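Visitor:
There are 2 protein chains.
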Amino acid sequence: MTTQQLYVQILKKKSFLCIGLDVDLNKIPTHLLNTEDPIFEFNKAIIDATHDLAVAYKPNTAFYEAYGIKGWRSLEKTINYLNQKHPEIFTIADAKRGDIGNTSAMYAKAFLEDLAFDSVTVAPYMGKDSVEPFLAVKDKFTILLALTSNEGAFDFQTQKTGHGELYKTVLTTSKTWENSDNLMYVIGATKAEYFTEVRKIVPNSFLLVPGVGAQGGSLHEVCRYGMNDTVGLLINSSRGIIYASKGEDFAEKAREEAKKMQQEMETILLDAQLAKALNII
Amino acid sequence: MTTQQLYVQILKKKSFLCIGLDVDLNKIPTHLLNTEDPIFEFNKAIIDATHDLAVAYKPNTAFYEAYGIKGWRSLEKTINYLNQKHPEIFTIADAKRGDIGNTSAMYAKAFLEDLAFDSVTVAPYMGKDSVEPFLAVKDKFTILLALTSNEGAFDFQTQKTGHGELYKTVLTTSKTWENSDNLMYVIGATKAEYFTEVRKIVPNSFLLVPGVGAQGGSLHEVCRYGMNDTVGLLINSSRGIIYASKGEDFAEKAREEAKKMQQEMETILLDAQLAKALNII
């Protein structure tokens, strides 16, 4: 997939919503627990109910690895279902990997080639040669952690370095890496005021934004400071949507929550377009 | 396992060798490819041939994930074999994980509880709440990336921050986290001169040291600057041992390479003891 295709999908669906498929067996409706693969059945129902409202889905691999081999089978079935049924959807393996060169190449193979996700999240701590093997995969994206949405983000990411705060050094340095066109970045919504700084360094990149809703970030603030000419944002929501109900109506309720976010996004997109039009006049 | 038990094992085996089980099907003897589970058969043979020379084994999860469900099955069988056959051995899941709190808790469950590794490697970029869920698991260890052995380590880890270079900030900050007694650190052997600095901050912690051999680090240099009163080092070697031969004699040749390292370590341990004794006199 190209970013142009992603942009077209955003315009078509009037949405830049990413739904996080972080499936915890303790939180899904109990009637699903009797099926052969409860995690996949849950994901399938959520995808069926929301695919016209979201442009991306993001399973976090931790939730699948926690169930061992069974979990990996569910992950495999979920990505296959998305790729076969909804090839226009942008898929993200939220794996936060990163290792020395030959090892990162194994992770890149696992997520971008074998499982055929469109993108994978990667941690920057080990630097250039730990990220470039992911960037080397053609027509796929590497979503680099820059400024995350959790409290611990302030431990290291905002430490002042010679080139400004660490997350800025990560953004600036990553732009010099080979195939850096294949980069996107994770920027947490709980730190909306930072988006201005981020956009100074990476004006054109897509940003994956967790932390709206459950973690307290505001969609409007993020869009105000973070949106660019081709939208450039994927706003992730996990728990707020997928666990909207624990009853038999869980998919329907998930759709209602996704619809609310899509409608907010539609308003924001229209306002942005109007503002653009007014500027032209 | 406790660090005391690990120390006793080191004294008993006169070795602080960790063998990295980074199994690549393109590199293992071809006669194993006809077995039902070549990766496990390879690991089993390596473990059988070297378990009296090594105190720890470290499968890197990337090499298993690259083979999907089959790979996870091989990983599961490998750790089960180690835990059942050699419970004294210290096991490390080299996973380099790290995510927001509830997600890190899932990874901690996967590696430290379900797979029952003694320890797991964790990336520090997301800070305190991304690491503490791992530290919360009793009698298990979290091996935090501090200064890695690859070239990219100089991109961010050695950036000057307000509190000294980033890896020092990571070391210092991590000591304030809950259950920090369960911390060990990754410090690459290719940067032996840094061990003096590291030991000023974490004098008592065990350090997992990759990069001896294949990546060019010197065992003697590392021990000179990094060893403490209870040794405090686990020196990892992967390719140099497990791929010593691609023939039917691979396990035997792996043993020869492991033996060479163990003997170097024995000499170093005796010298250190002698130096200690001379100091007492």
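Sequence lines, in order, name chains A and B.
Using this note's numbering, count along the first sequence one by one with no gaps and you end on 301.
Using this note's numbering, count along the second sequence one by one with no gaps and you end on 301.
Glycine included, every Cβ here is placed at the ideal spot set by N, Cα and C.
This one's a predicted model, so the numbers in the text were calculated from it and none came from an experiment.
How long is the line joining the alpha carbons of C38 (chain A) and K158 (chain A), rounded to whole angstroms?
Guide: 22 Å
Visitor: What are the start and end residues of each continuous alpha helix (DSSP H) run of 4 or more residues lying completely inside the segment 229-299 of chain B, in chain order?
Guide: 239-246 and 259-262
Visitor: Does any C-beta atom of chain A lie closer than 7 Å to the C-beta of W92 (chain B)?
Guide: Under the Cβ criterion of 7 Å, W92 (chain B) is counted among the residues facing chain A.
Visitor: Give me the Cα-Cα distance between E268 (chain A) and V142 (chain B), rounded to the nearest whole angstrom.
Guide: 38 Å
Visitor: Looking at chain B, which residues of the segment 133-155 of chain A have a Cβ within less than 8 Å of any of its Cβ atoms?
Guide: D134, L135, A143, P144, Y145, M146, G147, K148, D149, S150 and V151
Visitor: At a Cβ cut of 7 Å, what residues of the segment 197-223 of chain B count as close to chain A, listed as they run along the chain?
Guide: none
Visitor: Ignoring anything shorter than 4 residues, give me the alpha helix (DSSP H) runs that lie fully in the segment 85-111 of chain A, in order along the chain.
Guide: 88-105
Visitor: Any heavy atom of the ligand NAD closer than 6 Å to the Cβ of M21 (chain B)?
Guide: This structure does not include the ligand NAD; it has no bound ligands of any sort.
Visitor: Does any residue of chain B bring its CB to less than 7 Å from the CB of A82 (chain A)?
Guide: yes
Visitor: Between the alpha carbons of K255 (chain A) and Y27 (chain A), how many angstroms are there, rounded?
Guide: Strictly speaking, residue 255 (chain A) in this sequence is Ile, with Lys absent from that position. So the two alpha carbons sit approximately 14 Å from each other.
Visitor: How about T168 (chain A) and M126 (chain B): do their beta carbons lie closer than 7 Å?
Guide: no
Visitor: Going along the chain, which unbroken runs of the beta strand (DSSP E) with 3 or more residues stay wholly within the segment 144-216 of chain B?
Guide: 161-167 and 203-207
Visitor: For the segment 54-89 of chain B, list the alpha helix (DSSP H) runs that are entirely contained and at least 4 residues long, ordered along the chain.
Guide: 58-70 and 81-85
Visitor: Could you spell out the range, first to last residue, of the beta strand (DSSP E) harbouring V28 (chain B)?
Guide: Careful: V28 (chain B) lies outside any beta strand (DSSP E), inside the alpha helix (DSSP H) at T23 to K33.
Visitor: Just the C-alpha distance for T22 (chain B) and S139 (chain B), rounded to the nearest angstrom, thanks.
Guide: 11 Å
Visitor: Could you say if the segment 59-69 of chain B and the segment 207-216 of chain B meet the contact criterion of at least three C-beta pairs nearer than 8 Å?
Guide: no
Visitor: For the segment 76-92 of chain B against the segment 111-118 of chain B, are there 3 or more C-beta pairs whose distance is under 8 Å?
Guide: yes
Visitor: Ignore the nearest five residues each way along the sequence and tell me which others in Q179 (chain B)'s own chain have a CB closer than 7 Å to its CB.
Guide: E185 and L186
Visitor: From the DSSP output, in three-state form, read off Y140 (chain B) for me.
Guide: Contrary to the premise, residue 140 (chain B) reads as Val rather than Tyr in this sequence. Here V140 (chain B) sits in strand by DSSP.
Visitor: Tell me the DSSP secondary structure of L227 (chain B) in three-state form.
Guide: strand
Visitor: What's the C-alpha gap between L53 (chain A) and P230 (chain A)?
Guide: 28 Å
Visitor: What residues match up with G40 (chain B) in a beta bridge as DSSP calls it?
Guide: B:K78
Visitor: Taking 8 Å as the cut-off, does the segment 220-229 of chain A touch the segment 190-198 of chain A (at least 3 CB pairs, one atom from each stretch)?
Guide: Yes, they touch.
Visitor: Using a Cβ-Cβ distance cut-off of 7 Å, determine whether D175 (chain A) contacts chain B.
Guide: yes
Visitor: Check whether the Cβ atoms of L203 (chain A) and L228 (chain A) sit closer than 7 Å, and answer yes or no.
Guide: Contact flag unset, no.
Visitor: Cα separation between S150 (chain A) and I30 (chain A)?
Guide: 31 Å
Visitor: What whole-angstrom Cβ distance do V75 (chain A) and I109 (chain A) have, given they're in contact under 8 Å?
Guide: About 7 Å; that satisfies the 8 Å criterion.
Visitor: Do you know how far the Cα of L95 (chain A) is from the Cα of A209 (chain B)?
Guide: 37 Å
Visitor: Over what stretch of residues does the alpha helix (DSSP H) that includes N46 (chain A) continue unbroken?
Guide: Note, N46 (chain A): premise wrong, no alpha helix (DSSP H); not H, not E.
Visitor: Which residues in chain A sit within 8 Å of E171 (chain B), going by Cβ to Cβ distance?
Guide: Going along chain A in sequence order, the residues near E171 (chain B) (Cβ under 8 Å) are G147, K148 and D149.
Visitor: With the cut-off set at 7 Å, would you say A130 (chain B) and F154 (chain B) are in Cβ contact?
Guide: Cβ distance not < 7 Å, so A130 (chain B) and F154 (chain B) don't count as in contact.
Visitor: Hey, does A130 (chain A) have any beta-carbon neighbour from chain B nearer than 7 Å?
Guide: Yes, because at least one Cβ of chain B sits closer than 7 Å to the Cβ of A130 (chain A).
Visitor: Return the chain-ordered list of same chain residues with a C-beta closer than 6 Å to the C-beta of H71 (chain A), the five sequence neighbours on each side being excluded.
Guide: Answer for H71 (chain A): H106, listed in chain order.
Visitor: Quick one: grab the DSSP three-state call for D119 (chain B).
Guide: coil
Visitor: So, for Q177 (chain B): in the same chain, excluding its five sequence neighbours on each side, which residues have a beta-carbon less than 6 Å away from its beta-carbon?
Guide: Excluding sequence positions up to five before and after Q177 (chain B), its CB lies within less than 6 Å of the CB of L167, L186 and Y187, all in the same chain and listed in chain order.
Visitor: Just to make sure I have the definition right: I need the residues of chain B whose C-beta is within less than 7 Å of the C-beta of V190 (chain A). Which are they?
Guide: Using a Cβ-Cβ cut-off of 7 Å, V190 (chain A) is close to F176 of chain B, given in chain order.
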